[in-house]
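Undergrad: Here's a structure for you.
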Amino acid sequence: MAQPAEQLTFTVYPRKVVKRGTAERQRQAIRRTAEVFQELFDRFDPDELAEIAEGIEEVVLASDEESDRAHFVREFAGAPAYSREERLALRFKTLSHAFTVRKGLLKDSLTAPEVATLLGVSRQTPHDRVESGSLLGVLDRGALRFPIWQFDANGPDGVVAGLPETIRALPAVPTMAKINWFVRPNSYLEGHRPIDALRGGEAERVRDIARGTGPE
Numbered sequence: 065m066a067q068p069a070e071q072l073t074f075t076v077y078p079r080k081v082v083k084r085g086t087a088e089r090q091r092q093a094i095r096r097t098a099e100v101f102q103e104l105f106d107r108f109d110p111d112e113l114a115e116i117a118e119g120i121e122e123v124v125l126a127s128d129e130e131s132d133r134a135h136f137v138r139e140f141a142g143a144p145a146y147s148r149e150e151r152l153a154l155r156f157k158t159l160s161h162a163f164t165v166r167k168g169l170l171k172d173s174l175t176a177p178e179v180a181t182l183l184g185v186s187r188q189t190p191h192d193r194v195e196s197g198s199l200l201g202v203l204d205r206g207a208l209r210f211p212i213w214q215f216d217a218n219g220p221d222g223v224v225a226g227l228p229e230t231i232r233a234l235p236a237v238p239t240m241a242k243i244n245w246f247v248r249p250n251s252y253l254e255g256h257r258p259i260d261a262l263r264g265g266e267a268e269r270v271r272d273i274a275r276g277t278g279p280e
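First residue of the sequence shown? That's 65 in the working numbering, and the numbers climb one at a time after it.
Shown next as structure tokens:
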């Protein structure tokens with residue numbers, strides 16, 4: 065019989081309100097906030113939750129006063145001024161979206177031992193191939209994860225033909241950005257994904273696009 069999930073209790077101290085009707089709206093907002101946090105707890109791992117919390121904390125602890133440089137850039141760009149509460153909400157939304165995208169990109173991935181078994185190599189080899197730029201692996205929850213679409217039993221060294229050369233042609237951006245580039249429709253490939261174009265035998269074209277444009 066499954067054990068019931070551990071329940072955590074939070075104490076919320078609502079702001080003092082004086083306007084009629086505000087108290088009920090405040091209760092509704094607090095209730096919705098609690099529901100959102102429950103969704104986060106269900107969706108993300110502890111390490112991801114910790115990083116989200118750190119990002120939110122940066123906004124909470126940041127000064128309310130806008131620096132002269134930030135004010136100039138905002139005015140020059142015609143961007144609106146945000147309160148701390150608005151910055152917090154935007155930061156929270158951005159972080160949550162980024163982690164959701166990350167989980168989607170790594171949903172079908174292999175561990176280093178699984179890659180070693182698949183390719184018939186030592187357990188160190190997948191790590192070495194990440195270092196050499198012939199495989200894409202990203203650290204996730206303390207271990208490297210390798211998107212499964214990289215591998216092809218009929219390809220050279222067990223990967224899709226042209227993959228290593230394309231990886232090395234991409235700019236020096238984070239690995240997650242490279243992974244995202246490979247699986248997103250690309251306008252220079254008539255809307256096809258770079259990984260699909262590689263599988264279709266267009267290695268030279270994909271490599272040239274990678275070198276010339278980088279991740280979109």
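Using N, Cα and C, we set each Cβ at its ideal position, and we do this for glycine too.
Taking the continuous alpha helix (DSSP H) assigned at Phe25, which residues delimit it?
TA: Here the chain covers residues 65 to 280 and nothing more, so residue 25 does not appear.
Undergrad: Could you check where the beta strand (DSSP E) with Val202 kicks off and where it finishes?
TA: As a position in the sequence shown, residue 202 is number 138, starting the count at 1. Counting along the chain, the beta strand (DSSP E) containing Val202 begins and ends at Val202 to Asp204.
Undergrad: Would you call the CB atoms of Ile212 and Leu182 closer than 7 Å?
TA: Mapped onto the sequence shown, residue 212 falls at position 148. Mapped onto the sequence shown, residue 182 falls at position 118. No.
Undergrad: Between which residues of its own chain and Leu253 is the CB-CB distance below 6 Å, once the five residues before and five after are set aside?
TA: On the sequence shown, position 189 is the one that residue 253 refers to. Cβ neighbours of Leu253 beyond the five flanking positions: Ala261.
Undergrad: Quick one: Cα of Arg269 to Cα of Arg91, how far?
TA: One-based indexing of the sequence shown puts residue 269 at position 205. One-based indexing of the sequence shown puts residue 91 at position 27. If you take the alpha carbons of Arg269 and Arg91, they lie about 57 Å apart.
Undergrad: Tell me the DSSP bridge mates of Leu208?
TA: For the purposes of this step, residue 208 is taken as residue 144 along the sequence shown, with counting starting at 1. According to DSSP, which records beta bridges pairwise, Leu208 is partnered with Leu203.
Undergrad: According to the Cβ coordinates, are Val202 and Thr239 closer than 7 Å?
TA: Here the question's residue 202 lines up with position 138 in the sequence shown. Here the question's residue 239 lines up with position 175 in the sequence shown. Cβ atoms of Val202 and Thr239: closer than 7 Å.
Undergrad: Would you report the Cα separation of His191 and Gly276, rounded to the nearest angstrom?
TA: The residue you call residue 191 lines up with position 127 of the sequence shown. The residue you call residue 276 lines up with position 212 of the sequence shown. Whole-angstrom Cα-Cα distance: 27 Å.
Undergrad: Classify Ser198 as helix, strand or coil using the three-state DSSP reduction.
TA: Start at 1 with the first residue of the sequence shown, and residue 198 comes out as number 134. Coil.
Undergrad: Suppose contacts are defined by Cβ-Cβ distances below 7 Å. Is Arg193 in contact with Ala233 by that definition?
TA: What you label residue 193 is simply residue 129 of the sequence shown in a count that begins at 1. What you label residue 233 is simply residue 169 of the sequence shown in a count that begins at 1. No; because the gap between Cβ atoms is not below 7 Å, this pair is not in contact.
Undergrad: Determine the extent of the alpha helix (DSSP H) in which Asp183 is found, giving its start and end residues.
TA: The residue given as residue 183 occupies position 119 in the sequence shown. Per the sequence shown, the amino acid found at residue 183 is Leu instead of Asp. Residues Ala176 to Leu183.
Undergrad: Between which residues of its own chain and Val137 is the CB-CB distance below 7 Å, once the five residues before and five after are set aside?
TA: Residue numbering aside, residue 137 sits at position 73 when the sequence shown is read from its first letter. For Val137, the pLDDT reaches just 47, beneath the cut-off of 50, and the residue's location in the model is therefore unreliable, although a value from the coordinates is still provided. So no residue of the chain qualifies.
Undergrad: Going by beta carbon distance, what residues of the same chain come within less than 7 Å of Pro315, once the five residues before and after it are set aside?
TA: An answer regarding residue 315 cannot be provided, because it is not within the stretch 65 to 280 covered by the chain.
Undergrad: Going by alpha carbons, who is nearest to Trp245 out of Pro258, Ser251 and Ala236?
TA: Residue mapping note: residue 245 aligns to position 181 of the sequence shown, counting from 1. Per the Cα distances, Pro258.
Undergrad: Look at the Cβ atom of Arg263, then the Cβ atom of Val224, and state whether they are nearer than 7 Å.
TA: Locating residue 263 in the sequence shown gives position 199, where the first residue counts as 1. Locating residue 224 in the sequence shown gives position 160, where the first residue counts as 1. Yes; because the gap between Cβ atoms is below 7 Å, this pair is in contact.
Undergrad: Please classify Val247: does DSSP put it in a helix, a strand, or coil?
TA: Position 183 of the sequence shown, counted from the first residue, corresponds to residue 247. Val247 falls in the helix class under three-state DSSP.
Undergrad: By a C-beta neighbour count over all protein chains shown, 10 Å radius and 16 as the cutoff for buried, is Arg209 buried or exposed?
TA: Reading the sequence shown from its first residue, position 145 is the one you call residue 209. Looking at its Cβ environment, which holds 16 or more other Cβ atoms inside 10 Å, Arg209 is buried.
Undergrad: Is the beta carbon of Ser198 less than 7 Å from the beta carbon of Pro220?
TA: Within the sequence shown, the letter at position 134 stands for residue 198. Within the sequence shown, the letter at position 156 stands for residue 220. No, the pair does not count as a contact, with Cβ atoms beyond the cut-off.
Undergrad: Let's test the definition: count the other Cβ atoms within 10 Å of the Cβ of Val179 and tell me whether it reaches 16, buried, or not, exposed.
TA: As a working mapping, residue 179 is identified with position 115 in the sequence shown. By the 10 Å Cβ count, Val179 comes out buried.
Undergrad: Return the CA-CA distance between Asp216 and Gly226, expressed in angstroms with no decimal places.
TA: Your numbering for residue 216 matches position 152 in the sequence shown. Your numbering for residue 226 matches position 162 in the sequence shown. Those two C-alpha atoms are separated by around 11 Å.
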